[in-house]
Amino acid sequence: MAGRGGAGAMSKRLMERMLGMFRSRTQVGVDRAGNHYFSRVEEVDGAMKEKRWIEFKGDRDPTTVPVEWICWLNGQRKKAPTPEELAELEARRERVKQNVELLKKKEEEERRAGVRPVKTIGKTDTPNLRSFTQQFPGTSEDKKKGT
């Protein structure tokens, strides 16, 4: 009978832990895609540890998770990103995209106008090694000159 009490106690703890997952969770934020982020503190091996997770809105698509939230989920940052921080970072990303587009247009215009030479990648004409070979006595150049 002692074995049944141990198994029963273990299943009771498991059930309490599962119920606690839903009761003690705290929503810490929502991203633009509508994904919700949660945390809770629980005891693991005698130590209190924070658990963090995401509940996706709709399909489970990890590509919709912003970098800031990934860092928070992985514990690389202690505090969850604030809505203000997320808005600022999104505005910065948008400015970078706009700058990239402007640079692409400028480069295309310069290329069309011939202002900027186009760099070719790959093998071109071989360099002139005459000055290099003149450093050595007895080269074929010296023999041609008769020295």
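Mapping to our numbering: the sequence shown position 124 is 111, numbers consecutive.
Just so it is clear, CB atoms sit at the ideal spot from N, CA and C, and this is done for glycine as well.
Taking the Cα positions, N86 is about 21 Å away from E72. Boundaries of the beta strand (DSSP E) harbouring V15: 13 to 17, taken from the DSSP string. In the DSSP secondary-structure assignment, E42 is bridged to H23. DSSP lists no beta-bridge partner residue for M5.
Looking at K66, E77, E3, C58, the one whose alpha-carbon comes closest to that of E30 is E3. By alpha-carbon distance to V54, the top candidate from K36, L76, E37, A(-6) is L76.
Counting other Cβ atoms within 10 Å of its Cβ, N61 stays below 16 and is therefore classed as exposed.
As the crow flies, the alpha-carbon of V17 is around 15 Å from that of D48. Around the beta carbon of I41, 16 or more other beta carbons lie within 10 angstroms, which makes this residue buried.
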